[in-house]
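Engineer: Handing you a structure now.
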Amino acid sequence: MLKIFHLLSLLTQCNDVHTLHKIHAHIVTDGCFTIPAISNKLINSYANFNALPSSQILFHQLGNPSTIHWNSIIKAFSLGPNALQAIKYYNGMVSSHLSRPNSITFSSVLKACGTINATNKCMEIHGSTIRSGFSSDMLVSTNLIRSYAAFGGLVSMRKVFDELTKKDLVTWNSLISCYSKMGFHHDALILFDEMKSAGVGFDGFSLVSLLSACADVGALDIGVELHGLGRKNGFMDNVYLGNALIDMYAKCGSLDKALHVFNGMKKRDNFSWNSIIMGMGCMDLVTKPSHYSRQCCLLE
DNA sequence: ATAGGGTTAG
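Numbering (UniProt numbering), first residue to last: 1 to 300.
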């Protein structure tokens, strides 16, 4: 028992694939591969290093995969270029009749549908989730919303949301971000008011999606308001939020405010730099400066 | 023992 615990923690801490191979060999010689928790963790570890063929080999070595194994192999493929493989595994799981899909299975296979725009499969799985009693499952519903959004199924997406009896912060954030990504920026901003009335609160995720909507429609005043909400609630250490603010201010023509946010960030990533560079590039196009007077203002 | 959501550009 202690050994299992030890192996699991080794696998969790492992951060290079060579060490993983060693632990793997150790597990095999110890005869621990037959322990579901171990084999499952091993499948996930290989998947985390993007060594999907290794995950597959391990999966197929299992005589009788349990639900967690199916879930892990489906999730491993759900977001990558071979998302079709995730759907094939899902089909295999359903036809094996040995383990039944749960909310985690549906969640992953729906992601795969969104990844490769498998519209019909998504609708089929939607039906299966209802028949299996997952209509009010928020994990499943969030992924249904996102999958329908991925191929422009606005009406179906909204229907899933409206028919959900209990909606939490994540459900609302997902719907808002999907509206915004589909180009319905005004609807996303209106939904924020409804969200506030619904009493689920909001967080940095909400603000980021909303700022992206502001950036696209040039809603500077709302953007400023969202910035204030971010400050008031202590979200300003969030890199995503800083990046979204830079983009919003730059696109709304407030380069000075974009710079102010940029300079005040504790951490910056490629998004931060790209957004501020884009903002400055566009501003230069508008003002046509005769000399590069702003060349040093970033790093003052 | 697997477990939901966020940003730019091209």
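Using N, Cα and C, we set each Cβ at its ideal position, and we do this for glycine too.
(1) Is it right to say G114 is buried, meaning 16 or more other beta carbons lie within 10 angstroms of its own, or is it exposed?
(2) Take the Cβ of T12 as the centre, count every other Cβ of all protein chains shown within 10 Å, and call the residue buried at 16 or more, exposed below.
(3) Which residues bound the alpha helix (DSSP H) around T34?
(4) Given that a residue counts as buried once 16 or more other Cβ atoms are within 10 Å of its Cβ, and exposed if not, what is N238?
(5) Once you ignore the five residues that flank S136 on each side, which residues in its own chain have a CB closer than 7 Å to its CB?
(6) Take S45 and list the residues in its own chain whose beta-carbon comes closer than 6 Å to its own, dropping the five residues that flank it on each side.
(7) For M280, which three-state DSSP category applies?
(8) When the Cα of S209 is compared with those of A198, S197 and I190, which residue comes out closest?
(9) Within 10 angstroms of its Cβ, does F192 collect 16 or more other Cβ (buried), or is it exposed?
(10) Could you tell me which whole alpha helix (DSSP H) segments of length 4 or greater appear in the segment 150-217?
(11) Helix, strand or coil for L62, going by three-state DSSP, please let me know.
(12) Just to confirm, are V140 and L169 a CB contact at a threshold of 8 Å?
(13) If contacts are defined as beta-carbon pairs under 8 Å, then S96 and S66 qualify, I think. What distance do you get, rounded to the angstrom?
(14) Per DSSP, what kind of secondary structure is L8 in: helix, strand or coil?
(15) Rounded to whole angstroms, what's the CA-CA distance from F77 to D256? Just pull it up for me.
(16) In three-state DSSP terms, what is C14?
(17) Determine the direct distance from the alpha carbon of G279 to that of A213, and round the result to whole angstroms.
(18) Buried or exposed: V28, going by 16 or more other Cβ atoms within 10 Å of its Cβ?
(19) When DSSP labels each residue in this structure, what does L2 get in the three-state scheme?
(20) Under a three-way DSSP split, which group does D269 fall into?
(21) Between which two residues does the alpha helix (DSSP H) holding R131 run?
(22) Looking only at C-alpha atoms, which of G80, G133, P101 and T105 sits nearest to N117?
(23) For L110, tell me which candidate among S180, S147 and L84 has the shortest Cα-Cα distance.
(24) Determine, using beta carbons only, whether N173 and S197 come nearer to each other than 8 Å.
(25) With burial defined as no fewer than 16 other Cβ atoms inside 10 Å of the residue's Cβ, what is the status of G152: buried or exposed?
(26) For H69, report the span of its alpha helix (DSSP H) as first-last.
(27) Could you give the DSSP three-state label for L98: helix, strand or coil?
(28) Between S39 and H69, how many whole angstroms is the CB-CB distance? I'm expecting something under 8 Å.
Structural biologist: Quick answer:
(1) Position 114 of the first sequence, counted from the start, is the residue given in the question as residue 114. The residue is buried, with at least 16 neighbouring Cβ atoms inside 10 Å.
(2) If you number the first sequence from 1, residue 12 lands on position 12. Exposed, because fewer than 16 other Cβ atoms sit within 10 Å of the Cβ of T12.
(3) Reading the first sequence from its first residue, position 34 is the one you call residue 34. Where T34 is concerned, there is no enclosing alpha helix (DSSP H), given that its DSSP letter is neither H nor E.
(4) Numbered from its first residue, the first sequence carries residue 238 at position 238. A residue is called buried once 16 or more other Cβ atoms fall within 10 Å of its Cβ, and N238 is buried on that count.
(5) The sequence position of residue 136 within the first sequence is 136, counting from 1. Around S136: L164, T165 and K166.
(6) Residue numbering aside, residue 45 sits at position 45 when the first sequence is read from its first letter. Correct list, in chain order: L11 and L20.
(7) For the purposes of this step, residue 280 is identified with residue 280 of the first sequence, where counting begins at 1. Three-state result, M280: helix.
(8) Here residue 209 is taken as the residue at index 209 of the first sequence, counted from 1. Checking every option, the nearest Cα to that of S209 belongs to I190.
(9) Taking the first residue of the first sequence as 1, we reach residue 192 at position 192. Buried: at least 16 other Cβ atoms inside 10 Å.
(10) 154-163, 169-181, 185-198 and 204-217
(11) On the first sequence, position 62 is the one that residue 62 refers to. Residue state, collapsed to three classes: coil.
(12) Here residue 140 corresponds to residue number 140 of the first sequence, with the count starting at 1. Here residue 169 corresponds to residue number 169 of the first sequence, with the count starting at 1. No, the Cβ-Cβ distance between V140 and L169 is not below 8 Å.
(13) Translated into positions along the first sequence, residue 96 becomes position 96. Translated into positions along the first sequence, residue 66 becomes position 66. With a Cβ gap of about 11 Å, S96 and S66 do not count as contacting.
(14) The sequence position of residue 8 within the first sequence is 8, counting from 1. DSSP places L8 in helix when its eight states are reduced to three.
(15) By 1-based counting over the first sequence, the position of residue 77 is 77. By 1-based counting over the first sequence, the position of residue 256 is 256. Roughly 43 Å between the two C-alpha positions.
(16) On the first sequence, residue 14 is found 14 positions in, with the first residue counted as 1. Of the three classes helix, strand and coil, the one that applies to C14 here is coil, per DSSP.
(17) What you label residue 213 is simply residue 213 of the first sequence in a count that begins at 1. What you label residue 279 is simply residue 279 of the first sequence in a count that begins at 1. So the alpha carbons of these two residues sit roughly 17 Å apart.
(18) By one-based count along the first sequence, residue 28 stands at place 28. Exposed, because fewer than 16 other Cβ atoms sit within 10 Å of the Cβ of V28.
(19) If you number the first sequence from 1, residue 2 lands on position 2. In this structure, L2 counts as helix in the three-state DSSP scheme.
(20) As a first step, residue 269 must be located in the first sequence, where it is residue number 269. D269: coil per DSSP, three-state reduction.
(21) Here residue 131 is taken as the residue at index 131 of the first sequence, counted from 1. From DSSP, the alpha helix (DSSP H) with R131 extends over T119 to R131.
(22) To locate residue 117, count along the first sequence from 1; it is residue 117. Looking at the Cα atoms, G80 is the closest of the given residues.
(23) As a first step, residue 110 is located in the first sequence; it is residue number 110 there, counting from the start. When only C-alpha atoms are compared, the closest one is S147.
(24) On the first sequence, residue 173 is found 173 positions in, with the first residue counted as 1. On the first sequence, residue 197 is found 197 positions in, with the first residue counted as 1. It is not a contact, given that the beta carbons lie outside the stated cut-off.
(25) Mapped onto the first sequence, residue 152 falls at position 152. By the neighbour-count rule (16 or more Cβ atoms within 10 Å), G152 is not buried but exposed.
(26) The count along the first sequence starts at 1 and reaches residue 69 at position 69. It spans T67 to S78 - the alpha helix (DSSP H) in which H69 sits, taken as one unbroken run.
(27) Taking the first residue of the first sequence as 1, we reach residue 98 at position 98. Here L98 sits in coil by DSSP.
(28) As a working mapping, residue 39 is identified with position 39 in the first sequence. As a working mapping, residue 69 is identified with position 69 in the first sequence. That pair is a contact at about 7 Å.
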